[in-house]
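Going by numbering that gives the first Met the number 0, the first residue of the sequence shown is number 0, and it counts up by one from there.
Where is the CB? At the ideal position from N, CA and C, for every residue including glycine.
Reading through the structure tokens given below for one structure.
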Amino acid sequence: MARKTKKLDAYVHVSTCYANWFIYNMEEIFYEPKYDPNEVLEMCRTLNNEELRKKIPTLSPHLNTYTFTKSLSEYLISKEGLDLPIAIVRPSIAVTSSLKEPFPGWIDNWGGTTPHVYMAAKGLVRNLQMRKDVICDAIPADFVINMILATGWKIGTDKNSKNSLPIIYNCSTSSINPILFKDFYLGCTENGKKYPHSDVLWYPKLIMRNSVLSENLSVLIYQKIPSYIGDFVLRISGKKPRFVLNTQLVFQSKNPTKLANSMNHKDLKEFDFNVKKIDWKKYIDIYHLGMRKYLGKDNSENFDELRRKVERLKYARYLMTGSLLIGSFFFLHSNQNSIENAKYPNMIKKEIEQKHFL
């Protein structure tokens, strides 16, 4: 397509930082994929699905077809696009709501971190099995757009962009202004109490665990049991129930700094992508309110009343937890003999036989 375009001045290929996610410290360079892109294209044209599975039995080390094809595309550009005005922008996978443009908090998709934190603020997601010390590479959507536009300008005005290896820009925050998943997710969850959703269903509280066992137990107590109760209430009222990270990666972002240094002050202000300036505490507020408004279609601002509702849900949570603990205690106490009989059946049988003999 690029070669067929007449008078092509600039071509920006949007990839992803996760194109080679298995490289824990990713530089702004090309990485050779496991499979040759042209061979994969030829196989897709000539083979059926079953034959293709035999040729490519696994996508490993890739997560899915998305990162797999992004990796192939990058490598193809490195080989076929040397004489074209091309650059690659790799946004982080956690592209979140805008910081400033077109409106603070604007968002229109459920990608990246959004489903988790949105549901956590509603009290629906309460447990996540993840490492607390992993960096959450979130990036506001308008910063990504601004970098893409600035990259297009740079290619179009730089005569040296042709006949050289395309430049890669990692559009991310992990190496410049990092925030941990723990701080990002818990901050968003706390906003569920500060600026509650009008249809909040349970007290917002998120617990992060490294242990799979403890997470499964917590999910059973705090998510599955309440959801079953909620489904039962909906059914008897004639309504239908609504169904509702652990690798440390750092993406080096040196080329965006060079790009910013080549722009004048006016353009830098207009097309801002300086992630150093992001105040994460303020941004998390903007992100939450944006999800609430643009995804949840929730424009209510009666926050005092909603906070009282959340407070009532907190005490309901205490009541449910206490009831489960007390109920479990009485169940175990009342069935103590049965448990002992089940534990020592042969001993009891022998004792009965001896008494019968006497």
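Per DSSP, residue i is paired with what?
{"i": "Pro90", "result": "Cys170"}
{"i": "His115", "result": "None; His115 has no bridge partner."}
{"i": "Asn126", "result": "Ile206"}
{"i": "Leu179", "result": "Ile134"}
{"i": "Thr320", "result": "According to DSSP, which records beta bridges pairwise, Thr320 is partnered with nothing at all."}
{"i": "Val274", "result": "Note: Val274 sits in no beta bridge, so no partner."}
{"i": "Thr95", "result": "Pro139"}
{"i": "Val249", "result": "Asn24"}
Which residue's Cα is closest to the Cα of residue i: the options?
{"i": "Lys292", "options": "Ala18, Trp105, Cys16 and Ser91", "result": "Trp105"}
{"i": "Thr150", "options": "Asp271, Lys6 and Glu300", "result": "Asp271"}
{"i": "Asp136", "options": "Lys181, Ser333, Val13 and His61", "result": "Lys181"}
{"i": "Cys170", "options": "Ala119, Ala93, Lys153 and Asn48", "result": "Ala93"}
{"i": "Glu100", "options": "Val133, Ala259, Ala140 and Glu79", "result": "Ala140"}
{"i": "Glu310", "options": "Gly122, Asp107 and Phe330", "result": "Gly122"}
{"i": "Thr57", "options": "Thr45, Glu41 and Lys33", "result": "Lys33"}
{"i": "Trp279", "options": "Ile134, Glu300 and Lys6", "result": "Ile134"}
{"i": "Met25", "options": "Ser252, Ser163 and His264", "result": "Ser252"}
{"i": "Asp8", "options": "Ile76, Lys131 and Pro84", "result": "Pro84"}
{"i": "Ile178", "options": "Val124, Gly110, Lys275 and Gly155", "result": "Lys275"}
{"i": "Leu81", "options": "Pro36, His264, Thr256 and Tyr10", "result": "Tyr10"}
{"i": "Ser174", "options": "Pro103, Leu200, Phe250 and Lys204", "result": "Phe250"}
{"i": "Asn176", "options": "Ile277, Met0 and Lys268", "result": "Ile277"}
{"i": "Tyr168", "options": "Tyr317, Lys257, Gln128 and Lys158", "result": "Lys257"}
{"i": "Trp201", "options": "Lys313, Thr68, Ile55 and Val88", "result": "Lys313"}
{"i": "Thr156", "options": "Ser322, Ile285, Asn254 and Ser261", "result": "Ser261"}
{"i": "His61", "options": "Leu51, Ile22 and Asn301", "result": "Ile22"}
{"i": "Arg2", "options": "Phe142, Glu79 and Thr172", "result": "Glu79"}
{"i": "Lys308", "options": "Val143, Lys193 and Arg52", "result": "Lys193"}
{"i": "Glu38", "options": "Ser72, Asn63 and Ser14", "result": "Ser72"}
Could you please give the first and the last residue of the uninterrupted beta strand (DSSP E) stretch that includes residue i?
{"i": "Tyr10", "result": "Tyr10 to Val13"}
Please report the residue range of the alpha helix (DSSP H) in which residue i lies.
{"i": "Ala149", "result": "Ala140 to Thr156"}
{"i": "Asn254", "result": "Asn254 to Asn260"}
{"i": "Tyr286", "result": "Trp279 to Gly289"}
{"i": "Glu269", "result": "His264 to Glu269"}
Closest Cβ-Cβ distance between residue i and chain C: below 9 Å?
{"i": "Lys121", "result": "Looking at the structure shown, chain C is missing, and only one protein chain is on hand."}
Thinking C-beta only, is residue j closer than 9 Å to residue i?
{"i": "Tyr184", "j": "His115", "result": "yes"}
{"i": "Asn19", "j": "Ser70", "result": "yes"}
{"i": "Asp303", "j": "Ser197", "result": "no"}
{"i": "Ile377", "j": "Asn126", "result": "Here the chain covers residues 0 to 357 and nothing more, so residue 377 does not appear."}
{"i": "Leu248", "j": "Tyr17", "result": "yes"}
{"i": "Leu294", "j": "Tyr117", "result": "yes"}
{"i": "Arg306", "j": "Pro165", "result": "no"}
{"i": "Phe29", "j": "Ser91", "result": "no"}
{"i": "Gly186", "j": "Val199", "result": "no"}
{"i": "Pro103", "j": "Ile283", "result": "no"}
{"i": "Thr95", "j": "Thr112", "result": "yes"}
{"i": "Ala120", "j": "Met0", "result": "no"}
{"i": "Lys5", "j": "Ala86", "result": "no"}
{"i": "Arg89", "j": "Thr15", "result": "yes"}
- Secondary structure, alpha helix (DSSP H): runs of 4+ residues fully inside the stretch 15 to 86: For the stretch 15 to 86, whole alpha helix (DSSP H) runs of length 4 or above, ordered along the chain, are 36 to 45, 48 to 54 and 64 to 79.
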